[in-house]
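In my numbering, the protein residues as written are 149 to 361.
One structure below.
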Ligand code: ADP
Ligand code: MG
């Protein structure tokens, strides 16, 4: 279980303190709704280790994560955009999720084939990321985070640019991978429809706090 308790953060330029508490069980998808600027991305950045909390705890099965640097945390994160290296092929972009040096075994290459099939992009393996549409790029980025299969999956409004049908397919894929791999998934979205489709629990970010719905 991922358990966040009394986690606090304050930007230097703003007076308000953001406070977060939530829990996510394995196989569970928690959705976070809230107005723009309400502090949703801040929470994901705290969990991923891009920001350092002033107080509180983030525990994955009794293991405290707040003391770990970002690259040591068992987390993969998908942003709204700019997830890819545009000058690299689709295959290389995905391999970067498993190895930082692009040295890859035959096994890794097979994994890339399989995940590209799941996101419906098997024909684009050797295409440069820059020549894909925005929606296709987001599917490549999703393939990369799904291949990592880190126990904590963070999604920050990931499917905003996609057409409705593709978005539903991607949501279903996130759900399938979450269940099959016992992931703890947190998805920030402003689409109630996304929540209804795959979320097990919904929290609302309101007046600098998370409230369970
Ligand atoms: P959301 O993701 O819900 O739109 P954020 O978590 O990104 O909101 O931001 C919460 C608040 O913190 C916003 O008012 C935003 O302007 C402010 N903020 C975000 N990043 C920074 C930063 N690096 N420095 C100062 N303020 C920031
Ligand atoms: Mg945001």
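Virtual Cβ for every residue (Gly too), placed ideally from N, Cα, C.
Since the structure is predicted, the reported quantities are computational estimates derived from the model, not experimental observations.
Straight-line gap, residue i to residue j (C-alpha atoms, nearest Å)
{"i": "residue 295", "j": "residue 156", "result": "31 Å"}
{"i": "residue 245", "j": "residue 216", "result": "19 Å"}
{"i": "residue 223", "j": "residue 198", "result": "11 Å"}
{"i": "residue 168", "j": "residue 237", "result": "38 Å"}
{"i": "residue 178", "j": "residue 274", "result": "34 Å"}
{"i": "residue 326", "j": "residue 241", "result": "22 Å"}
{"i": "residue 352", "j": "residue 280", "result": "34 Å"}
{"i": "residue 286", "j": "residue 269", "result": "11 Å"}
{"i": "residue 402", "j": "residue 289", "result": "A question about residue 402 goes unanswered here, because the residues of the chain that appear run from 149 up to 361."}
{"i": "residue 230", "j": "residue 211", "result": "31 Å"}
{"i": "residue 205", "j": "residue 173", "result": "16 Å"}
{"i": "residue 207", "j": "residue 152", "result": "6 Å"}
{"i": "residue 232", "j": "residue 272", "result": "14 Å"}
{"i": "residue 161", "j": "residue 354", "result": "20 Å"}
{"i": "residue 317", "j": "residue 343", "result": "14 Å"}
{"i": "residue 261", "j": "residue 345", "result": "27 Å"}
{"i": "residue 228", "j": "residue 184", "result": "13 Å"}
Buried or exposed by the 16-neighbour rule on C-beta atoms within 10 Å, applied to residue i
{"i": "residue 239", "result": "buried"}
{"i": "residue 159", "result": "exposed"}
{"i": "residue 190", "result": "buried"}
{"i": "residue 358", "result": "buried"}
{"i": "residue 164", "result": "exposed"}
{"i": "residue 312", "result": "exposed"}
{"i": "residue 305", "result": "buried"}
{"i": "residue 201", "result": "buried"}
{"i": "residue 334", "result": "buried"}
{"i": "residue 192", "result": "buried"}
{"i": "residue 264", "result": "buried"}
{"i": "residue 258", "result": "exposed"}
Residue i and residue j closer than 7 Å at C-beta
{"i": "residue 180", "j": "residue 188", "result": "yes"}
{"i": "residue 225", "j": "residue 302", "result": "yes"}
{"i": "residue 170", "j": "residue 332", "result": "no"}
{"i": "residue 350", "j": "residue 341", "result": "no"}
{"i": "residue 291", "j": "residue 267", "result": "yes"}
{"i": "residue 283", "j": "residue 314", "result": "yes"}
{"i": "residue 176", "j": "residue 320", "result": "no"}
{"i": "residue 243", "j": "residue 252", "result": "yes"}
{"i": "residue 329", "j": "residue 297", "result": "yes"}
{"i": "residue 166", "j": "residue 356", "result": "yes"}
Simplified DSSP state of residue i, which is helix, strand or coil
{"i": "residue 204", "result": "strand"}
{"i": "residue 242", "result": "helix"}
{"i": "residue 157", "result": "strand"}
{"i": "residue 274", "result": "coil"}
{"i": "residue 221", "result": "coil"}
{"i": "residue 336", "result": "strand"}
{"i": "residue 256", "result": "helix"}
{"i": "residue 302", "result": "strand"}
{"i": "residue 357", "result": "strand"}
{"i": "residue 167", "result": "strand"}
{"i": "residue 176", "result": "coil"}
{"i": "residue 247", "result": "coil"}
{"i": "residue 236", "result": "coil"}
{"i": "residue 394", "result": "Outside the modelled stretch of the chain, which goes from 149 to 361, sits residue 394, for which no answer is possible."}
{"i": "residue 199", "result": "coil"}
Any non-hydrogen atom of ligand 4 within 6 Å of residue i CB
{"i": "residue 282", "result": "Here the bound small molecules are ligand 1 and ligand 2; ligand 4 is not part of this structure."}
Could you please go through the chain and list the residues whose beta-carbon is closer than 5 Å to any non-hydrogen atom of ligand 1?
-> 159, 161, 184, 185, 186, 187, 188, 189 and 190
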